[in-house]
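Here the structure is laid out as C-alpha cells; the discussion comes afterwards.
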Amino acid sequence: MTAPAQQSIRRLTADEALRMVAAGIVGEDEPVELLDGVLIEMSPQGPVHSEATANLADRLRVAYVGRARVREEKPLSAGTHSLPEPDVAVVRGQTGSYATRHPTGADTILIVELAWTSQEEDRRKAAIYAAANVPAYWLLDLRARKLELRTAPEGGSYRTVQVLGEGDSVSPPELADRWSVRDLLP
44 MTAPAQQSIR RLTADEALRM VAAGIVGEDE PVELLDGVLI EMSPQGPVHS
94 EATANLADRL RVAYVGRARV REEKPLSAGT HSLPEPDVAV VRGQTGSYAT
144 RHPTGADTIL IVELAWTSQE EDRRKAAIYA AANVPAYWLL DLRARKLELR
194 TAPEGGSYRT VQVLGEGDSV SPPELADRWS VRDLLP
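According to our numbering, the sequence shown holds residues 44 to 229 in order.
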C-alpha cells in the first residue's frame, strides 16, 4: 500500500471571500474573518469584551477627532489572503473615505484587539497586521490585565514588542497624550 499524496489546501483570496458574501454564501453578519486564506469562525463576545471595546473606541474617537476615523469590527484589507476585522481600528480619512474599498495597513494608524479568551488568535493576527504594514498593533489582554504593544513592522513581524501592566502608561500613535493602562481596562 502506498502512502496517500500530500493534499494541498486551496486558500481563498479576499476578493473571493467578498464575492461569497455578495452571493449570500457567507452571511454579511456571519462571525467569520479571512485569515491567511481561511475563513475562521470567531467566538461571540461576552459583556466584558463588548463593553471594553465600546469604551476604548469612544475614547479613541475623542482623541483622534478631526484627525482620523475610529472603526469597530470592520474589515481591513491586509493582503491577498487576509481580511481581518479588528475590534478597533484608527484609520486616516474622513466620512466616505472607504465607501468603495476597505482601508489597508497604509491607511491605518492603530489596530487594537481586545482579548478575554482569544489571546492566541489575536497574537496570530499580529503577523497579518505586520505583513500589511500596520504601524502599531495593541493587544489589550483583559484577563491578564496587560497591554501588548507592537510597532515597527518588518517582514511579517514586529521588531518592537512591549508588555505593559496596569501601572504603566501608553501614548497612542501620533498623539502627545499619555494614557494609563489601568484606565483602558474594564
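In this text, a Cβ means the ideal position worked out from N, Cα and C, and glycines have one as well. Being a predicted model, the structure only gives us computed values, none of them experimental.
Please name the residue, chosen from the options, that lies closest to residue i on a Cα-to-Cα basis.
i    : options                : result
V206 : V213, E191, R54        : E191
V177 : G80, P129, M63, A57    : P129
H145 : T123, N98, S212        : T123
L183 : D165, A173, S214, A174 : D165
W222 : Q162, L103, V113       : L103
A173 : I83, R53, S125, D72    : S125
V113 : V81, S212, T151, L82   : T151
Output needed for residue i: all residues of its chain with C-beta closer than 6 Å, excluding positions within five of it in sequence on either side, in chain order.
i    : result
T147 : S120
L153 : V133, A179, P216
R188 : E209, L228
G80  : R54, L55, H124
How many whole angstroms separate the CB atoms of residue i and residue j, which I take to be in contact at a CB cut-off of 8 Å?
i    : j    : result
P216 : A179 : 5 Å
D220 : A106 : 6 Å
What number of angstroms, rounded off, separates the C-alpha of residue i from the C-alpha of residue j?
i    : j    : result
L228 : Q49  : 46 Å
R110 : L55  : 34 Å
W181 : G67  : 33 Å
L99  : D58  : 30 Å
V224 : S214 : 10 Å
V108 : A65  : 33 Å
G3   : L218 : In the structure as shown, the chain begins at 44 and stops at 229. Residue 3 is therefore absent and cannot be evaluated.
R53  : D226 : 44 Å
A149 : A175 : 8 Å
D101 : R62  : 32 Å
A212 : D72  : Sequence inspection shows Ser at residue 212; the Ala mentioned does not correspond to that position. The alpha-carbon atoms of S212 and D72 are separated by roughly 35 Å.
Q162 : I83  : 15 Å
Which residues in the same chain have their Cβ closer than 8 Å to the Cβ of residue i, if we skip the five residues on either side of it in sequence?
i    : result
A267 : Because residue 267 is not part of the residues shown, which for the chain are 44 to 229, the question remains open.
L185 : V91, H92, A95, L157, A158, W159, L228, P229
P127 : E76, L77, L78, P118, L119, A121, K168, I171, Y172
Within its chain, find whatever has a CB closer than 7 Å to the CB of residue i; leave out the 5 residues flanking it on each side and keep chain order.
i    : result
M85  : P74, V75, E76
V155 : L99, P129, D130, V131, W181, L183
Checklist entry - With contact counted as at least three CB pairs below 8 Å, one residue from each stretch, are the stretch 195-203 and the stretch 164-171 in contact? => result yes
Item to check | Stretch pair the stretch 83-102 + the stretch 134-142: three plus CB contacts closer than 8 Å | outcome: no
Checklist entry - Is there contact here, the stretch 181-197 with the stretch 63-82, by at least three beta-carbon pairs under 8 Å? => result no
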